[in-house]
Each structure stands twice: as structure tokens, then as C-alpha cells.
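In full-length UniProt numbering, the protein residues as written are 1 to 297.
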């Protein structure tokens, strides 16, 4: 038994920058994608930008580039500072600086990590009130959520989003962790996830194939349509497969919550549905009047 343990420990030093192979790299890339979450905040500020057609694409690309350079630099420095198998998964940077003998830098990095939590919170809480405001204005959520203060700020949407976040952090985190532990032991979830992914993939490809091409010249257009979108869908789907069961369970729970809200309230109060109903009623009136005039003649 001791020989086996020693052999397994020695294997940690091999592999270079790919110790877990290509599949391990993709699994890590799928997890690291969450580090780039936040660029969608720029898209939610379309009504607050003077020239959104140019500013929003430029802001998204620039923010992604800056984040990539920052994360790439930190990852490269961290990999070169100490072996990957000695890194602490909870606090890798302070442990790395302690490993190389930079004790003061360890505390500076720890304080910086605490300060960075506020930016992460801002990245989560900034777009949510605006999304809720837009959905409430379109009738998909409750109308009071689109209330604006004298300073043109969605007050009720902001307070509601904050209250929901507090409830989730304080209550549901414990309940979900217990549910995840009990559900992860069942292999039927892997089959279900693969089936859902295949269905989503086929449906998305069909939608892209049937999507009509617009002749209007826009300020920003995706190049290489439909090859680039289809390739992006395949790559993202493969990365999604590498995610763990806990992530998929959270995804299914939130999708279920969203579908319940939509089919119980949003679909019946949608502004677009009411507009279509008025148009249909007007067409019926015009048709009846036309038939009446024709009969009288």
C-alpha cells in the first residue's frame, strides 16, 4: 500500500503545462469561464449609453481582452512560482507568495482579494435590477418593478433583487448543498443532461438554419455567419459537458423557476401579446366591415 501511494505521489510532477491532458484543460476552461462573467453588465446599460450600437460592442470586447490579459498573467505567474500540486485551492495566491518567501506580499494579496469581492458583488447586482425593470415594463414580471424614482433609478427592482440575493445566500445555500449531495449519487442525471444538451444543440442549429438574413447594414455584425455561430455553439456545448453535476442541478432549478414565472404570469401579461391581440382584433373588424360593405353592394 505504501508503494502504491508513493507511486501516485510521484506522478504529480509530470505533464508540464498539461498534467491532466487535453480533457483536463477543457474542464478547467469551462470552470474558468465564470471568471469572465460580468461582460453582460455592459449590455444591460444600453438605455444609458449615448451611442449603444458602437459603445456596447467595443466595451464588451475591451473588457474581455483586459480580463484575459489579467487572468493570463496571474495564472502564468502562479504556475511559475510553485508546483501546481502544492497550491491551495482555497487561497492559492497567498500560499504561493508564502512559498517563495514573500511574507508581506501574502497579506497584501489577501486584502486585495477581500476588496475584489465588492467588485464581484457589483457585477452580479448591477445588471439584475435593469433586467427586472425591462421585463416588468414588457409585462413579463410584475408591473411595480418598473417603477422609477425621481432620479430615474429602478428602486423597487433594485430592492427586490437585493432581497432575493440575501434570501438565497442565507437560506437556500444550505438546502441546495444537501440536495446536491443526495442527487449527485444518481447516474441518471448524466443521461438526462446529455439528452437535454443534444436536444438544445439540434434545436439551436435548426433555428440558425431557418433564421432569415437581414439586408439592413448594422454597425456591428458577426462575421462568418452561420459558420462562426455554429462553431461557437459546438465549443460552448462541449465546455458545458465538462461541468460538474452541481452546476447542472443549479441550472435546472433556475430554469424551472423561470419557466414557472413565465407560464404562470408573464405569458398572460406580456405587452407583446396584448399588442398582437389588438392587431388581430382590428384586422377582424376590418374584415367584418369589408364583408358587410360587399354584401350591401
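We put the beta carbon where it would ideally sit given N, CA and C, even for glycine.
Worksheet item: Does the distance from the CB of residue 159 to the CB of residue 266 come in under 8 Å?
Response: no
Practice prompt. Could you spell out the range, first to last residue, of the alpha helix (DSSP H) harbouring residue 99?
Written response: 92-99
Fill in: Cβ contact (3+ pairs, closer than 8 Å) linking the segment 238-247 and the segment 114-130
no
Item to complete: Helix, strand or coil for residue 7, going by three-state DSSP, please let me know.
Response: Only weak support exists for where residue 7 lies, its pLDDT of 47 falling under 50; the coordinates are left without a value.
Discussion item. Which same chain residues end up closer than 7 Å to residue 197 when comparing Cβ atoms and leaving out the 5 residues on each side of it in sequence?
Written reply: 237, 240 and 241
Fill in: Sequence-distant residues of its chain with Cβ nearer than 7 Å to residue 156 (five each side left out)
144, 145 and 147
Worksheet entry | Candidates 27, 46, 67 and 42: closest to residue 318 by CA position | Not covered by the structure: residue 318. The range shown for the chain is 1 to 297.
Item to complete: From the DSSP output, in three-state form, read off residue 126 for me.
Response: coil
Worksheet item: Hey, does residue 158 have any beta-carbon neighbour from chain C nearer than 8 Å?
Response: Given the protein chain composition of this structure (a single chain), no chain C is represented.
Worksheet item: Is it right to say residue 254 is buried, meaning 16 or more other beta carbons lie within 10 angstroms of its own, or is it exposed?
Response: exposed
Item to complete: Can you grab the Cα-Cα spacing for the pair residue 25 / residue 19, in whole Å?
Response: 9 Å
Discussion item. According to DSSP, is residue 102 part of a helix, a strand, or is it coil?
Written reply: coil
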